[in-house]
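> For the sequence shown, counting from 1, position 120 maps to 120 in the UniProt record's numbering; every step adds exactly one.
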Amino acid sequence: MTEQIINELEIYDILERAKKATHEEIERIIEKGRAALGLTPKEAAVLLQINDPELTEKLFSAAREVKNRIYGKRVVIFAPLYISNKCINNCVYCGFRASNKKLFRKTLTRQEIIEQVKILESLGHKRLLIEFGEDPHDAHIDRVVEAIETIYNAGDIRRINVNIAATGVEEYRKLKAARIGTYQLFQETYHRETYEKMHPSGPKSDYDYHLTAHNRAFEAGLDDLGIGVLFGLYDYKFEVVALLKHAEYMDKVLGVGPHTISVPRWRPALGVDKSKIPALVSDDEFKRIVAIIRLAVPYTGIILSTRETAEDRDKLIALGVSQMSAGSCTDVGGYSNRLEENHIYSSQFDNPDHRPPDEVIRRICELGYLPSFCTACYRNERTGERFMKLAKTGKIHNLCQPNAILTFQEYLEDYASPETKAVGEKTIKEQLELIPDPKMKEWTIKRLKRIKQGERDLNI
């Protein structure tokens, strides 16, 4: 099965042929992408060869147009919640690896999970991504499900996405029953030899089992699936084509493409030797990666973490990013122990964006975008094939724009600083004018009034 997903010889051939593309062919592919028709992995490979400033700007311009056409000005906000950093894998690039004796190990208790959730809710978060290391006890599927149930019962978190190790169909069925949103799993690198070097021991060292995890998750009924690459482990051109081959496979064989694609870059971590990270990606290369992915799979959400600086995150929103974390901590218990000594010794990686969520959200507004806390699609069963039909035709915009406005109004009423509320009210007024259907606009205005009067969770 893995050869159906990733054929390395085919990818190398695609990249070699792409080098022969003419200037005119590159422009034609950019224009096809601009029309939000999507691109094949072969066409994306051609765009990966761009080094001409004029063509680069055309690429960026097309990516901006597609981002606005499919997603409008919306940027979905979430936060990661690390439950445990105990791990039996020895991933070379990761601060959580088993052999890292410098790391302070911890698994949150039920009460500690509740405390973290309360803090995240006080910051305005409604959508969490929970993270575990791979450990047979502390990350056992029953512990994961228990954590999910604890979070849902703790307050008003409306959607939990999950990033846990590759597992079996029965375990994925338990995740499905726990009412998760998107199941995310990154291949890290699609290059088999590099994968083996980067994962010398532990269950994650099985390339084939890891690569086929989304098939098992889909068999278990999980139809909102996220994929990704950790850029820096191998040649980014190979990784992008492989990532798109994986997306193409999911679309053809499973019937649903990836709901999200994450684009993390490697960042330094406690006890990790930077010299063992062989293919670091520059800022300019990274911007082209995001723009190309946006053109290739216009229907897919692109997730950006706080691995990037505040300045870079500002730029990348325009090029295609549709989801981003805000005020993130990558250590266990990090939302309450920032002043404790163990805080700096339990993180997965260095986090260069230390802004609190309120500041991130205000900046998104200042850039002309609309922060969204919407979770309506999951709870209205607009997932999998149903979501893809709406996303690929651009019709999802008609639902997401009103929901984004309504959830952002909730944030402004309940959590925003006075400075952010002033900027946010102006943003909502501007974004209301972008609702094309007069009846939908009227419906949204009426519900905005109800939210200001104290009602909550009004969505389509």
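Don't be surprised by glycine CBs; every beta carbon is placed ideally from N, CA and C.
(1) Ignoring anything shorter than 4 residues, give me the alpha helix (DSSP H) runs that lie fully in the stretch 4-28, in order along the chain.
(2) Report yes if the CB atom of residue 44 is closer than 7 Å to the CB atom of residue 292, and no otherwise.
(3) Report the CB separation of residue 186 from residue 11 in whole angstroms; it is logged as a contact under 8 Å.
(4) For residue 141 and residue 147, what's the separation of their Cα atoms in angstroms?
(5) On the three-state DSSP scale, how would you describe residue 412?
(6) Go through its chain and collect everything with a Cβ distance to residue 58's Cβ below 6 Å, but skip five positions before and after it.
(7) Does the structure place the stretch 278-289 close enough to the stretch 329-337 that three or more beta carbon pairs sit under 8 Å?
(8) Relative to the C-alpha of residue 101, which residue among 8, 111, 90 is closest?
(9) Alpha carbons only, please: which of 163, 70, 27 is nearest the one belonging to residue 53?
(10) Go through its chain and collect everything with a Cβ distance to residue 2's Cβ below 8 Å, but skip five positions before and after it.
(11) Would residue 169 be called buried (16 or more neighbouring beta carbons within 10 Å of its own) or exposed?
(12) Cutting at 7 Å between CB atoms, please list the residues of its own chain near residue 216, excluding the five before and the five after it.
(13) Does residue 445 pass the burial test, meaning 16 or more other C-beta atoms within 10 Å, or should it be called exposed?
(14) With distances taken Cα to Cα, identify the nearest neighbour of residue 184 among 129, 419, 153.
(15) Express the C-alpha separation of residue 354 and residue 339 in angstroms, rounding to a whole number.
(16) What's the call for residue 268, buried or exposed, on a 16-neighbour Cβ count within 10 Å?
(17) So, helix, strand or coil for residue 545, using DSSP?
(18) Should the stretch 360-372 be called in touch with the stretch 419-430, which here means at least 3 C-beta pairs below 8 Å?
(19) Rounding to the nearest angstrom, what Cα-Cα distance links residue 320 and residue 296 in this structure?
(20) Does the stretch 248-256 come close enough to the stretch 300-313 that 3 or more CB-CB pairs lie under 8 Å?
(21) Tell me, please, which residues DSSP counts as bridged to residue 82.
(22) Taking just the CA atoms, how far does residue 161 sit from residue 143?
(23) Fully enclosed by the stretch 301-350, which alpha helix (DSSP H) runs are 4 residues long or longer?
(24) Figure out for me which residue from 318, 404, 289, 271 has the closest Cα to the Cα of residue 347.
(25) Locate the alpha helix (DSSP H) running through residue 265, then write down its first and last residues.
(26) Sorted by chain position, which residues of the same chain lie with C-beta nearer than 6 Å to residue 415's C-beta, five sequence neighbours on each side aside?
(27) May I have the straight-line CA-CA distance separating residue 228 from residue 115, to the nearest angstrom?
(28) So which of 135, 117, 136 has the shortest CA-CA distance to residue 149?
(29) Residue 74 by DSSP, collapsed to three states: which one?
(30) Name the two residues that bound the continuous alpha helix (DSSP H) containing residue 161.
(31) So, for residue 318: in the same chain, excluding its five sequence neighbours on each side, which residues have a beta-carbon less than 6 Å away from its beta-carbon?
(32) Quick one: what does DSSP say residue 48 is sitting in, helix, strand or coil?
(33) How far does the alpha helix (DSSP H) with residue 445 in it extend, from its first residue to its last?
(34) Taking Cβ positions, are residue 230 and residue 193 nearer each other than 7 Å?
(35) Whose CA, out of 375, 358, 455, 409, lies closest to the CA of residue 420?
In brief:
(1) Correct list: 8-18.
(2) Against a cut-off of 7 Å, the Cβ pair of residue 292 and residue 44 comes out as a contact.
(3) The pair is not a contact, with the Cβ atoms about 18 Å apart (cut-off 8 Å).
(4) Residue 141 and residue 147: Cα-Cα distance of roughly 10 Å.
(5) When secondary structure is reduced to three states using DSSP, residue 412 falls in the helix class.
(6) Taking residue 58 as the centre and dropping the five residues before and after it, the same chain places the C-beta of 30 closer than 6 Å to its C-beta, in chain order.
(7) Verdict: no, contact absent.
(8) Comparing Cα-Cα distances from residue 101 to each of 8, 111, 90, the minimum goes to 90.
(9) Distance from the Cα of residue 53 is smallest, within the candidate group 163, 70, 27, for 27.
(10) These residues qualify, in order along the chain: 207, 208, 211, 212.
(11) Under the 10 Å beta carbon count, residue 169 is surrounded by fewer than 16 other beta carbons and is classified as exposed.
(12) Cβ-Cβ distances below 7 Å link residue 216 to 168, 169, 172 in the same chain, with the five nearest sequence neighbours on each side left out; the list follows chain order.
(13) By the neighbour-count rule (16 or more Cβ atoms within 10 Å), residue 445 is not buried but exposed.
(14) Answer by Cα proximity: 129.
(15) Unreliable positioning characterises residue 339 in this predicted model, as indicated by a pLDDT of 44, which lies under 50. A coordinate reading is not provided.
(16) Exposed is the call here.
(17) The chain is shown only over 1 to 460; residue 545 falls outside these bounds and no answer can be derived.
(18) Enough Cβ pairs lie closer than 8 Å, so yes.
(19) Distance between the alpha carbons of residue 320 and residue 296: 11 Å.
(20) In this structure the stretch 300-313 does not touch the stretch 248-256; the number of beta carbon pairs closer than 8 Å is below three.
(21) Answer is 131.
(22) So the alpha carbons of these two residues sit roughly 15 Å apart.
(23) List check, alpha helix (DSSP H) in window: 310-318.
(24) Here the closest residue by C-alpha is 271.
(25) Bounds of any alpha helix (DSSP H) do not take in residue 265, whose DSSP letter is neither H nor E.
(26) Result list for residue 415: 124, in chain order.
(27) C-alpha separation (whole angstroms): 30 Å.
(28) Out of 135, 117, 136, 117 has the C-alpha closest to the C-alpha of residue 149.
(29) Taken through DSSP and simplified to helix, strand or coil, residue 74 comes out as strand.
(30) From DSSP, residue 161 is part of no alpha helix (DSSP H) but of the beta strand (DSSP E) over 159-163.
(31) Same-chain partners within the cutoff: 64.
(32) Annotated three-state conformation of residue 48 is coil, per DSSP.
(33) It spans 438-452 - the alpha helix (DSSP H) in which residue 445 sits, taken as one unbroken run.
(34) Not a contact, by the Cβ cut-off of 7 Å.
(35) Selected option, being the one with the closest Cα: 358.
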